[in-house]
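Before any comments, here is the structure.
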Amino acid sequence: MSPVKALGGTSDLFPPETLLWQRLESQARRVAHLYGFEEIRTPLIEMEEVFTGSLGEAAEIVTKQMYRFEDRGGRAVTLRPEGTAPIVRAFVEKGLDKTASLSRFYYLGPMFRAERPQAGRRRQFHQFGVELFGASAPAQDVEVLALLNRLLTTWGLTGWTIRINTLGSAADRPRVLEYIREQLAPHASRLKLEERERLTKNPLRILDSKEPELQKLCARLDFTEVLSAGAKERFEQVLAGLKAVGVPFTRDPRLVRGLDYYTDTVFEIVHSGLGAQDAIGGGGRYDNLVRSMGGVAVPAIGFAVGLERILLALEAGKETPAVSGGTAVFVAAVTPAEVREGLVLAERLRAEGIAATAELEGRALKRQLEQAVKSGCRLVVIRSENERAKKVVSVKDLSTREQKEIPEADWVAEVRGMLNSGGGA
RNA sequence: GUGGCUAUGGUGUAACGGCAGCACGAGAGAUUGUGGAUCUCUCGGAACGGGUUCGAUUCCCGUUAGCCACCCCA
150 MSPVKALGGT SDLFPPETLL WQRLESQARR VAHLYGFEEI RTPLIEMEEV
200 FTGSLGEAAE IVTKQMYRFE DRGGRAVTLR PEGTAPIVRA FVEKGLDKTA
250 SLSRFYYLGP MFRAERPQAG RRRQFHQFGV ELFGASAPAQ DVEVLALLNR
300 LLTTWGLTGW TIRINTLGSA ADRPRVLEYI REQLAPHASR LKLEERERLT
350 KNPLRILDSK EPELQKLCAR LDFTEVLSAG AKERFEQVLA GLKAVGVPFT
400 RDPRLVRGLD YYTDTVFEIV HSGLGAQDAI GGGGRYDNLV RSMGGVAVPA
450 IGFAVGLERI LLALEAGKET PAVSGGTAVF VAAVTPAEVR EGLVLAERLR
500 AEGIAATAEL EGRALKRQLE QAVKSGCRLV VIRSENERAK KVVSVKDLST
550 REQKEIPEAD WVAEVRGMLN SGGGA
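When we follow my numbering, the leftmost residue of the first sequence carries the number 150, and every step to the right adds one.
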């Protein structure tokens, strides 16, 4: 029988990868707490309209990349492709739009997109993100970007850039679209069918194209010209704030995003060592999303970063830190008959909060020590005939190779002492 | 979703239309109560399904998966 396989584009994680993830996640949580953000957890599965109604009809995430199906009640459900819309849904459903003045949330978890997998692109991937609801002041943007900056720094990443732009307010949008259409219309004959279609349906996305021809055409475009004075002024204040706080950024007048709900500030973090999938995170302001999902008009801003890509970026820069694992103590069994007593000793250590594993098979002591070393244990506990006669427990320090005998009355305390003093851990 | 390249023990690899080798690894052992070395032995493999052929791991097709690019984005 052929082995059962995983769905392509998902990944199993084993140690030491899991240790690396734990580190990434706990650091992210810590940084979020530093800025007053608290965790929110929403379902992985949502009604389809949570996304179709918010991300934009023309957004590729909705049209092509969502896992969607009917459940047993005939409901159209989807696996969440991103984190913001579900949070807004929950925010409105709980009535927070009407009560809370300022809400800061972070989230951490899997997202799903039915795309062809590639390095840096998985069908199930993981994002860390934050959302800040309740005010439209430029300082809010600065605060969120400062968090982002600190997060990337805390992770030890280098070689990244925050690219930033403004899309203007919702009122500016028609003028922006018209501007792009007008500028590109004379060259429409040189565009591919798909691009011409996009020009009418979703003109902003044109600016994202990698087609060299099109890029040349777009290089001259700067839609910020047609934005309202207020939108421009707001953006300048955001940039000034970033400078004051010390967040590095690169202004990119052609930066747009793939989701329709963004207004004003948008940004993207790219990493130089990642090939085609070089965006490690992105975000922006979405002042109209809460209202469009049935809530009161609450302005908000947020971002998400892709954890798999962060890991790739860390690897690309060889910044992967050594991760240490393994349990602290190994309890050996000199003879097979002593395996059971080893279990008892290990239990006594665990009861005191000391991580321990014990020999289970009764192999040669030599093998047991080899195993203990390989799995990163620091101490080995031995208690056999000799020890029993002398009423002691032998404890061997694997790093110094020294072994001593401890009176059996207080051996657990002694083991703890050795673990604490031995440095590391 | 589109196009291209790839698929050999757990890992990394070699050769070949005719018995699939090597290294690492794992297990056992070398005067049986002490680890990273050495030596000996052992374990373990052609992704899946079809076709061509006397014979296919090798050639062809399909599927799946991985990678690269597109597309998109995290």
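Think of the CB as a built atom: it goes at the ideal place given N, C-alpha and C, for glycine as much as any other residue.
For this session: Indicate whether the contact test is met: 3 or more Cβ pairs, each with one atom in the region 286-303 and one in the region 446-459, closer than 8 Å.
Result: yes
(Q) Rounding to the nearest angstrom, what Cα-Cα distance links residue 156 and residue 270 in this structure? (A) Residue 156 sits at position 7 when you count from the first residue of the first sequence. Residue 270 sits at position 121 when you count from the first residue of the first sequence. Roughly 14 Å between the two C-alpha positions.
Report task. Under the assumption that residue 254 contacts residue 279 (Cβ atoms under 8 Å), give the Cβ distance between them as a whole number of angstroms. Result -> As a working note, residue 254 is residue 105 in the first sequence. As a working note, residue 279 is residue 130 in the first sequence. With a Cβ gap of about 7 Å, residue 254 and residue 279 count as contacting.
Boundaries of the alpha helix (DSSP H) in which residue 350 is found, first to last residue: The residue labelled residue 350 in the question sits at position 201 within the first sequence. Segment 342-350, the alpha helix (DSSP H) holding residue 350.
How many whole angstroms separate the CB atoms of residue 418 and residue 433, which I take to be in contact at a CB cut-off of 8 Å?
In the first sequence, the residue the question calls residue 418 occupies position 269. In the first sequence, the residue the question calls residue 433 occupies position 284. In fact, because the Cβ distance is near 12 Å, the residues do not count as touching under 8 Å.
| Roughly how many whole angstroms lie between the Cα atoms of residue 573 and residue 548? | For the purposes of this step, residue 573 is taken as residue 424 along the first sequence, with counting starting at 1. For the purposes of this step, residue 548 is taken as residue 399 along the first sequence, with counting starting at 1. Note on residue 573: pLDDT 44, under 50, position unreliable in the model; no value is reported.
Query raised in the report: DSSP puts residue 261 in a beta bridge; with which residues?
Result: The residue labelled residue 261 in the question sits at position 112 within the first sequence. Paired residues: 273.
### Query
Quick one: what's got a C-beta closer than 6 Å to residue 386's C-beta in the same chain, skipping five residues either side?
Numbered from 1 along the first sequence, position 237 holds the residue referred to as residue 386. If we look at residue 386 and ignore the five residues flanking it on each side, its Cβ neighbours are 287.
For this session: Helix, strand or coil for residue 186, going by three-state DSSP, please let me know.
Result: Working through the first sequence from its first residue, we reach residue 186 at position 37. The answer is coil: DSSP assigns residue 186 none of H, G, I, E or B.
* Kindly indicate which residue of 488, 438, 170 and 480 has the alpha-carbon position closest to the one of residue 236. => Against the first sequence, residue 236 aligns to sequence position 87. It is 438.
> Can you check whether the CB of residue 262 is closer than 8 Å to the CB of residue 214?
Replying inline: On the first sequence, position 65 is the one that residue 214 refers to. On the first sequence, position 113 is the one that residue 262 refers to. Cβ atoms of residue 214 and residue 262: closer than 8 Å.
- Given 8 Å as the limit, is there contact between the region 340-350 and the region 372-387, that is, 3 or more CB pairs closer than that? These segments do not touch.
Exercise. Determine the contact status of residue 203 and residue 436, defining contact as a CB-CB distance below 8 Å.
Key: In the first sequence, the residue the question calls residue 203 occupies position 54. In the first sequence, the residue the question calls residue 436 occupies position 287. It is not a contact, given that the beta carbons lie outside the stated cut-off.
Using the beta-carbon count (16 or more within 10 Å), is residue 371 buried or exposed? Mapped onto the first sequence, residue 371 falls at position 222. With fewer than 16 other Cβ atoms within 10 Å, it is exposed.
For residue 461, three-class secondary structure by DSSP: Taking the first residue of the first sequence as 1, we reach residue 461 at position 312. In this structure, residue 461 counts as helix in the three-state DSSP scheme.
Range covered by the alpha helix (DSSP H) that runs through residue 515 | Along the first sequence, read from residue 1 onward, the residue named residue 515 stands at position 366. Unbroken alpha helix (DSSP H) run through residue 515: 514-523.
| message | Which runs of the beta strand (DSSP E) at least 3 residues long sit entirely within the region 292-366? Give them in chain order. | response | 309-315
Notebook entry, point to check: Just how far apart, CA to CA, sit residue 563 and residue 488?
Noted result: Looking up residue 563 in the first sequence gives position 414. Looking up residue 488 in the first sequence gives position 339. Each residue's alpha carbon lies about 22 Å from the other.
Exercise. Residue 406 by DSSP, collapsed to three states: which one?
Worked result: In the first sequence, residue 406 corresponds to position 257, counting from 1. Note: residue 406 maps to coil in three-state DSSP.
**OP:** Within its chain, find whatever has a CB closer than 6 Å to the CB of residue 532; leave out the 5 residues flanking it on each side and keep chain order.
**Re:** Residue numbering aside, residue 532 sits at position 383 when the first sequence is read from its first letter. Closer than 6 Å at Cβ, skipping near neighbours: 542.
query = For residue 277 versus residue 428, is the C-beta spacing smaller than 8 Å?
reply = Locating residue 277 in the first sequence gives position 128, counting from the first residue. Locating residue 428 in the first sequence gives position 279, counting from the first residue. No.
Quiz item: On the three-state DSSP scale, how would you describe residue 253?
Solution: Translated into positions along the first sequence, residue 253 becomes position 104. It is a strand residue.
Under 8 Å, do residue 509 and residue 478 count as touching if we go by C-beta distance? Translated into the one-based positions of the first sequence, residue 509 becomes position 360. Translated into the one-based positions of the first sequence, residue 478 becomes position 329. Against a cut-off of 8 Å, the Cβ pair of residue 478 and residue 509 comes out as no contact.
Spatial distance of residue 282 from residue 186 (CA atoms): Translated into the one-based positions of the first sequence, residue 282 becomes position 133. Translated into the one-based positions of the first sequence, residue 186 becomes position 37. Our two residues, residue 282 and residue 186, have alpha carbons roughly 11 Å apart in a direct line.
Assuming residue 321 contacts residue 414 (C-beta within less than 8 Å), just tell me the rounded distance between them. The residue given as residue 321 occupies position 172 in the first sequence. The residue given as residue 414 occupies position 265 in the first sequence. With 8 Å as the limit, residue 321 and residue 414 do not qualify as a contact, their Cβ atoms being about 13 Å apart.
| message | The alpha helix (DSSP H) that contains residue 483, what's its start and end? | response | Here the question's residue 483 lines up with position 334 in the first sequence. Here residue 483 belongs to no alpha helix (DSSP H), and DSSP marks it neither H nor E.
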